[in-house]
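Undergrad: Could you have a look at this structure, given as structure tokens, before my questions?
Number of protein chains: 2
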Amino acid sequence: MSKLRVQSFGVSVDGFGAGVNSGLEHPLGVRGEELMQWFFPTQFWRTMQKQEGGETGVDNRVAQQGFENIGAWILGRNMFGPVRGPWPDESWKGWWGDNPPYHCPVFVLTHYERAPIEMKGGTVFHFVTDGIHSALEQAKSAARGKDVRVGGGASTVRQYLRERLIDELHVAISPVLLGEGEPLWRDIDMRALGYEVTETVMGERAMHEFLRKRA
Amino acid sequence: MSKLRVQSFGVSVDGFGAGVNSGLEHPLGVRGEELMQWFFPTQFWRTMQKQEGGETGVDNRVAQQGFENIGAWILGRNMFGPVRGPWPDESWKGWWGDNPPYHCPVFVLTHYERAPIEMKGGTVFHFVTDGIHSALEQAKSAARGKDVRVGGGASTVRQYLRERLIDELHVAISPVLLGEGEPLWRDIDMRALGYEVTETVMGERAMHEFLRKRA
Numbered sequence: 001m002s003k004l005r006v007q008s009f010g011v012s013v014d015g016f017g018a019g020v021n022s023g024l025e026h027p028l029g030v031r032g033e034e035l036m037q038w039f040f041p042t043q044f045w046r047t048m049q050k051q052e053g054g055e056t057g058v059d060n061r062v063a064q065q066g067f068e069n070i071g072a073w074i075l076g077r078n079m080f081g082p083v084r085g086p087w088p089d090e091s092w093k094g095w096w097g098d099n100p101p102y103h104c105p106v107f108v109l110t111h112y113e114r115a116p117i118e119m120k121g122g123t124v125f126h127f128v129t130d131g132i133h134s135a136l137e138q139a140k141s142a143a144r145g146k147d148v149r150v151g152g153g154a155s156t157v158r159q160y161l162r163e164r165l166i167d168e169l170h171v172a173i174s175p176v177l178l179g180e181g182e183p184l185w186r187d188i189d190m191r192a193l194g195y196e197v198t199e200t201v202m203g204e205r206a207m208h209e210f211l212r213k214r215a
Numbered sequence: 216m217s218k219l220r221v222q223s224f225g226v227s228v229d230g231f232g233a234g235v236n237s238g239l240e241h242p243l244g245v246r247g248e249e250l251m252q253w254f255f256p257t258q259f260w261r262t263m264q265k266q267e268g269g270e271t272g273v274d275n276r277v278a279q280q281g282f283e284n285i286g287a288w289i290l291g292r293n294m295f296g297p298v299r300g301p302w303p304d305e306s307w308k309g310w311w312g313d314n315p316p317y318h319c320p321v322f323v324l325t326h327y328e329r330a331p332i333e334m335k336g337g338t339v340f341h342f343v344t345d346g347i348h349s350a351l352e353q354a355k356s357a358a359r360g361k362d363v364r365v366g367g368g369a370s371t372v373r374q375y376l377r378e379r380l381i382d383e384l385h386v387a388i389s390p391v392l393l394g395e396g397e398p399l400w401r402d403i404d405m406r407a408l409g410y411e412v413t414e415t416v417m418g419e420r421a422m423h424e425f426l427r428k429r430a
């Protein structure tokens, strides 16, 4: 059974899933990259970036698990890029260069239509204008039995959580204070929505919490 | 220099510092005791409760540190007991029996005057009706050079944080979802208030974050 999963989602000690003012300079908002300080040093991520070395402990294993058995992704518009409003042209093709780390279909939530973009390495960006349910349906179909991963941002995760559509959610609580940003949990009652903690793993640079929707 | 410290303050994955409806049945609110599941099994706490055994690892060490060099405590009214409104009589003397675990002066914030209560073991409960600054002043004086610990609850911690009066804050992020309760960080910008993470310690049952106000 194909699942909808959130993986490696960084949350600050003070509960923020992203910083403020996300944009070209700060894809995850001001200081939002601090949420991923456990992720960037891993061998897994460095290898994806064609870099040598990296750490090989718990955080690395958890980072890698997040990419296993994923057949499609869903991203919020701001996770795809800094462009707001209508697409001015076709030039923006994501933060990740010619060969993005997805290597499968990626469904981008937006209010503005745009033709799909085929990238190197198997990533195809599709733009979905008719809402999160449609994006999920398309992604599940494209995943061909594998799982679908919601890549963020915080707003997209919150929308899917509220609809009880996420089956598994891995948050990495990072030892940073953001002070301001997007509160991941605000006005979301995780217990009423049916979620529970299934596993806790202490990493080198974050505490990993694995949450699951009860059957 | 005497400091104002918060220690061993449990916070859920979803950011709550207490459950809802705190009262006689649930001193920390519904399911609030889950925030302290890292604390109750420690040898330190069990010894205070005159119980044998207990765990002796990281969580135990951290729990113990929270009681070192403390000369006085400040508690919110609801941390002291379930009585709301005017004191109906003198019968309620705290949750802790004849010999509370404080063994020093404890200043209880309340809107209703009451005479001090001298308990066994050195604990004396004083009732402060003229606000958090007065309580701090009295506690610092009573502590005779040692530190003052704010014992909670969440509302009291938030009040002192907002006034930038807390020097050191140790939160234990516990692997539980409360779903509802008192959000510790809501509308508090910890960075703007001048706080930073100084140390992260992975315990057996919680992630310990040590925060400090920058000088």
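Protein sequences, first through last, are from chains A and B.
Under my numbering, the first residue of the first sequence carries the number 1, and numbering increases by one thereafter.
Under my numbering, the first residue of the second sequence carries the number 216, and numbering increases by one thereafter.
Idealized CB from N, CA, C, for every residue including glycine.
Residues in its own chain within less than 8 Å of glutamate 305 of chain B by CB, not counting five upstream and five downstream?
TA: Only Arg329, Ala330, Ile332 meet the Cβ criterion.
Undergrad: Could you name the residues of chain A that glycine 230 of chain B contacts, counting a contact when the two beta carbons are closer than 7 Å?
TA: Residues of chain A passing the Cβ test: Gly15, Trp185.
Undergrad: Would you be able to state if there are at least three C-beta pairs under 8 Å between the segment 356-371 of chain B and the segment 265-277 of chain B?
TA: Too few Cβ pairs lie closer than 8 Å, so no.
Undergrad: Is any beta-carbon of chain B found at less than 7 Å from that of alanine 192 of chain A?
TA: True, the Cβ-Cβ gap to chain B drops below 7 Å.
Undergrad: Span of the alpha helix (DSSP H) holding alanine 139 of chain A?
TA: From DSSP, the alpha helix (DSSP H) with alanine 139 of chain A extends over 132-143.
Undergrad: Count Cβ pairs between the segment 187-204 of chain A and the segment 17-36 of chain A that sit closer than 8 Å; are there 3 or more?
TA: No, because fewer than three Cβ pairs between the segment 187-204 of chain A and the segment 17-36 of chain A fall closer than 8 Å, the two stretches do not touch.
Undergrad: Can you give me the start and stop residues for the alpha helix (DSSP H) that glutamine 64 of chain A sits inside?
TA: Where glutamine 64 of chain A is concerned, the enclosing alpha helix (DSSP H) stretches over 58-65.
Undergrad: Going by DSSP in three states, glutamine 43 of chain A sits in which element: helix, strand or coil?
TA: Residue state, collapsed to three classes: helix.
Undergrad: Using CA atoms only, rank isn't needed, just tell me which of A/Met1, A/Arg84, A/Val106, A/Ala18 is closest to phenylalanine 9 of chain A.
TA: Cα-wise, what sits closest to phenylalanine 9 of chain A is A/Ala18.
Undergrad: Is there at least one Cβ from chain B nearer than 7 Å to glycine 179 of chain A's Cβ?
TA: Answer yes: the Cβ-Cβ gap between glycine 179 of chain A and chain B drops below 7 Å somewhere.
Undergrad: Relative to chain B, which residues along the segment 55-85 of chain A have a C-beta separation below 7 Å, given in chain order?
TA: Here the close residues number zero.
Undergrad: Does the Cβ-Cβ distance between proline 316 of chain B and methionine 263 of chain B come in under 7 Å?
TA: Result yes, Cβ atoms of proline 316 of chain B and methionine 263 of chain B sit closer than 7 Å.
Undergrad: Start and end of the beta strand (DSSP E) containing leucine 109 of chain A?
TA: Note, leucine 109 of chain A: beta strand (DSSP E), 105-109.
Undergrad: If I follow the unbroken beta strand (DSSP E) through glutamine 222 of chain B, where does it start and stop?
TA: Its beta strand (DSSP E) spans residues 219-227.
Undergrad: So is asparagine 78 of chain A buried or exposed if we call it buried at 16+ other beta carbons inside 10 Å?
TA: Buried is the call here.
Undergrad: I'd like to check one pair, aspartate 362 of chain B with lysine 335 of chain B: are the Cβ atoms closer than 7 Å?
TA: Not a contact, by the Cβ cut-off of 7 Å.
Undergrad: Going by other Cβ atoms of all chains shown within 10 Å of its Cβ, with 16 needed for buried, is alanine 430 of chain B buried or exposed?
TA: Burial call: exposed.
Undergrad: Under the rule that 16 or more other beta-carbon atoms within 10 Å means buried, what is alanine 407 of chain B, buried or exposed?
TA: Answer is exposed; the Cβ neighbour count stays below 16.
Undergrad: Determine, using beta carbons only, whether aspartate 167 of chain A comes closer than 7 Å to chain B.
TA: With 7 Å as the cut-off, aspartate 167 of chain A does not count as an interface residue toward chain B.
Undergrad: Could you tell me the alpha carbon to alpha carbon distance between serine 389 of chain B and tyrosine 160 of chain A, rounded to whole angstroms?
TA: Going by the C-alpha atoms only, they are around 24 Å apart.
Undergrad: Can the beta-carbon of phenylalanine 340 of chain B be found less than 7 Å from the beta-carbon of isoleucine 289 of chain B?
TA: Cβ distance not < 7 Å, so phenylalanine 340 of chain B and isoleucine 289 of chain B don't count as in contact.
Undergrad: Of the residues that make up the segment 408-430 of chain B, which ones have a beta carbon closer than 9 Å to any beta carbon in chain A?
TA: Cβ contacts with chain A: Leu408, Tyr410, Glu411, Val412, Glu414, Thr415, Met417, Gly418, Glu419, Arg420, Ala421, Met422, Glu424, Leu426.
Undergrad: What residue range does the beta strand (DSSP E) around alanine 287 of chain B cover?
TA: Taken as a continuous stretch (DSSP letters only), the beta strand (DSSP E) holding alanine 287 of chain B covers 285-290.
Undergrad: Kindly list, in the order they appear in chain A, the residues whose Cβ is closer than 8 Å to that of valine 391 of chain B.
TA: The answer, in chain order, is Val197.
Undergrad: From the beta carbon of isoleucine 173 of chain A, is the nearest beta carbon of chain B less than 7 Å away?
TA: It does: the Cβ of isoleucine 173 of chain A has a partner Cβ on chain B nearer than 7 Å.
Undergrad: Quick check: the segment 377-394 of chain B against the segment 149-165 of chain A, are there 3 or more CB pairs under 8 Å?
TA: No: fewer than three Cβ pairs fall under 8 Å.
Undergrad: Using DSSP's beta-bridge definition, name the partner residues of glutamate 183 of chain A.
TA: Looking at the sequence itself, residue 183 of chain A is proline, so the reference to glutamate does not match. A/Phe16, per the DSSP bridge assignment.
Undergrad: What does the alpha-carbon distance come out to for the pair threonine 344 of chain B and leucine 324 of chain B?
TA: Distance between the alpha carbons of threonine 344 of chain B and leucine 324 of chain B: 6 Å.
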